[in-house]
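Chains as they are written, first to last, in the numbering used here: chain U, 12 to 327; chain Y, 12 to 327.
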């Protein structure tokens, strides 16, 4: 399942509105097929893996990160039917598909055909891996990552707005990798006018994965940019399941105030700035309200800097 | 030597103007004496260890974190003479004593008496362990630790000054332990008036180690508090080799602006505040000046919080 999850990660940020699924086919202890959902959302991971395996799929076990779909679409057949037709013996699955067109229907089709189904393996990791799809299914909006590059004292820039550079080249390269995992990146008008950021992915081989650019602004439109007027409008962004917010302090505060940040990427440089631009008010009345919202999920050194990844704790 | 350094740590914050030395005597593979410099600076570590060993010191190896002193004082004999008289065979030492009254003279006395001397063992750790004494010898001022309790976005308090609580009980207990390792703690008038802090050590068994209280203020005097008018006046604090600065944002900025912080204790809570009180200007003109000043020396989890310890990188 870990291998299937890793394959699914390859599609992250490019499969919307479909989930970034991964699939591994194993027969007699050997991997006979590997697949992940392709850019644009088709073909699905199972179809890719089955095509690779061919006849070897007969009697194999399929490890899939999401319940195989039960609905036939104009863009392709139902994966549960494909698995039945290929003669797969067993399906190990991380997560039930919340899409009402499947929602248990995939498992039912497999079982009706005599295939053994084992759900729930690696469920927690799968929830992380497909957070964008799940958020869109559950709340009808993209999963939002807020990226901040900060000094020890929380400065995102000097008082006059200069922010080159708080963090070092390793942290900036990591930001570019993160960009490639999102369908779109958003900044505010202040950042657009101060930096005219390209927001592209400047990593060898990943240039084609540069995400769409979104501006948070009441207007006017800017060529090359999509535009939304308020954080709450992110639901309207078509085929965006993963949104990365890279704007300045005001944009960050707007998303935090609206409680629309699910994942916090903090790149922290070992410097003190003093009197710099820090996060403006986010609607907090008392310190007690601030606690219990963020859970540390990952931390690592990036050159001289530190990356801390926090996830918003929400009741399901 | 690690054992000797650990013993020396027991005196940290209570031996000024003398260094917090540790000493272990070993004969035939067995520890026969242990000592550390006592509160007020006397007796010295070597004298304590020799007294514990008695006749067993004859032929032993002494592990001492600092060169044994060569000067007789009204408060006690020279440790190098004591080691000679006790018949110690060998002295392993971490650091040469920069005090001009010794400065190699201790080693010379030992060698003149036929004792083998091995200097430089654990020198780096010893420099850390006796940073207060060494700073006083070199620059004539205490070693300064700045403690900050911060949110992820660098807030030390809400906009209205409330700061209870940013960090949790484990981080606050650690602060109390740190207090016990300093002769004095300093706050600014703002903190005094807002919080009337006791600045005592509220840890079972360590209450008697509560440090002296110092106020950074142009005046007037406050009963129970010593007072200095500016950070640069810390040199005047009598018998203070370790000073902990616990004041609010303005006090922290004053010490950083004067480049009088040697050690930075950052307690970081996993919360976002937004619009809180952050570090004011510290005299930085460009971000490039900010880099290369602070080196991460330690990090650990304290409950939900993180402690990061940074040391100021200075040319010796």
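Glycine included, each C-beta is placed from N, C-alpha and C at the ideal position.
Nearest-angstrom Cβ-Cβ length linking residue i and residue j, presumed shorter than 8 Å
| i | j | result |
| --- | --- | --- |
| residue 113 (chain Y) | residue 82 (chain Y) | 6 Å |
| residue 235 (chain U) | residue 205 (chain U) | In fact, because the Cβ distance is near 17 Å, the residues do not count as touching under 8 Å. |
| residue 121 (chain U) | residue 97 (chain U) | Residue 121 (chain U) to residue 97 (chain U), Cβ: 12 Å. No contact. |
| residue 25 (chain Y) | residue 50 (chain Y) | 4 Å |
| residue 175 (chain U) | residue 298 (chain Y) | 7 Å |
| residue 19 (chain Y) | residue 140 (chain Y) | 5 Å |
| residue 65 (chain U) | residue 27 (chain U) | Actually they do not touch by this definition, with Cβ atoms about 30 Å apart. |
| residue 253 (chain Y) | residue 143 (chain Y) | 4 Å |
Simplified DSSP state of residue i, which is helix, strand or coil
| i | result |
| --- | --- |
| residue 104 (chain Y) | strand |
| residue 141 (chain U) | coil |
| residue 310 (chain U) | strand |
| residue 96 (chain Y) | helix |
| residue 202 (chain Y) | helix |
| residue 220 (chain Y) | helix |
| residue 330 (chain Y) | Residue coverage of chain Y in this structure runs from 12 to 327, which leaves residue 330 (chain Y) outside it and unanswerable. |
| residue 255 (chain Y) | strand |
| residue 177 (chain U) | coil |
| residue 190 (chain Y) | helix |
| residue 89 (chain Y) | coil |
Cβ-based neighbour list, residue i, same chain, cut-off 8 Å, excluding 5 preceding and 5 following
| i | result |
| --- | --- |
| residue 57 (chain U) | 32, 34, 46, 73, 75, 79, 90, 93, 94 |
| residue 264 (chain U) | 290, 291, 292, 293 |
| residue 214 (chain Y) | 184, 187, 188, 191 |
| residue 237 (chain Y) | 195, 223, 224, 225, 226, 248 |
| residue 218 (chain Y) | 211, 212 |
| residue 151 (chain U) | 246 |
Chain-order list of residues whose beta-carbon lies under 7 Å from that of residue i (same chain, five-residue window excluded)
| i | result |
| --- | --- |
| residue 306 (chain Y) | 321, 322, 324 |
| residue 110 (chain Y) | 148 |
| residue 170 (chain U) | 286, 287, 288 |
| residue 180 (chain U) | 314 |
| residue 201 (chain Y) | 259, 261 |
| residue 15 (chain U) | 33, 34, 35, 74, 75, 76 |
| residue 124 (chain Y) | 95 |
| residue 108 (chain U) | 77, 78, 80, 114, 117 |
Residues of its chain near residue i, where Cβ-Cβ distance is below 6 Å and the 5 sequence neighbours each way are ignored
| i | result |
| --- | --- |
| residue 134 (chain U) | 105, 106 |
| residue 280 (chain U) | 162, 177, 178, 316 |
| residue 100 (chain Y) | 70 |
| residue 257 (chain U) | 158, 196, 198 |
| residue 271 (chain U) | 155, 242 |
| residue 310 (chain U) | 319 |
| residue 127 (chain Y) | 101 |
| residue 59 (chain Y) | 46 |
| residue 22 (chain Y) | 31, 47, 48 |
| residue 273 (chain Y) | 154, 155, 323 |
Neighbour flag for residue i against chain U, beta carbons, 8 Å
| i | result |
| --- | --- |
| residue 284 (chain Y) | yes |
| residue 71 (chain Y) | no |
| residue 197 (chain Y) | no |
| residue 281 (chain Y) | yes |
| residue 269 (chain Y) | no |
| residue 18 (chain Y) | no |
| residue 124 (chain Y) | no |
| residue 217 (chain Y) | no |
| residue 301 (chain Y) | yes |
| residue 121 (chain Y) | no |
| residue 145 (chain Y) | no |
| residue 277 (chain Y) | yes |
Beta carbon proximity, residue i to chain Y, threshold 8 Å
| i | result |
| --- | --- |
| residue 183 (chain U) | no |
| residue 265 (chain U) | no |
| residue 6 (chain U) | Residue 6 (chain U) cannot be examined here, being either before or after the span of chain U that is shown, 12 to 327. |
| residue 289 (chain U) | yes |
| residue 274 (chain U) | no |
| residue 227 (chain U) | no |
| residue 305 (chain U) | yes |
| residue 292 (chain U) | yes |
| residue 261 (chain U) | no |
| residue 298 (chain U) | yes |
| residue 295 (chain U) | yes |
| residue 203 (chain U) | no |
| residue 248 (chain U) | no |
Any non-hydrogen atom of the ligand GDP closer than 7 Å to residue i Cβ
| i | result |
| --- | --- |
| residue 236 (chain Y) | The ligand GDP is not among the ligands present in this structure, which contains no ligands whatsoever. |
**Message:** If the cut-off is 8 Å on Cβ atoms, which residues from the region 160-181 of chain U count as contacting chain Y, listed in chain order?
**Reply:** 161, 162, 163, 164, 165, 166, 169, 170, 173, 174, 175, 176, 177
**Message:** Taking beta-carbon pairs under 7 Å, can you tell me which members of the region 314-326 of chain U lie near chain Y?
**Reply:** 321
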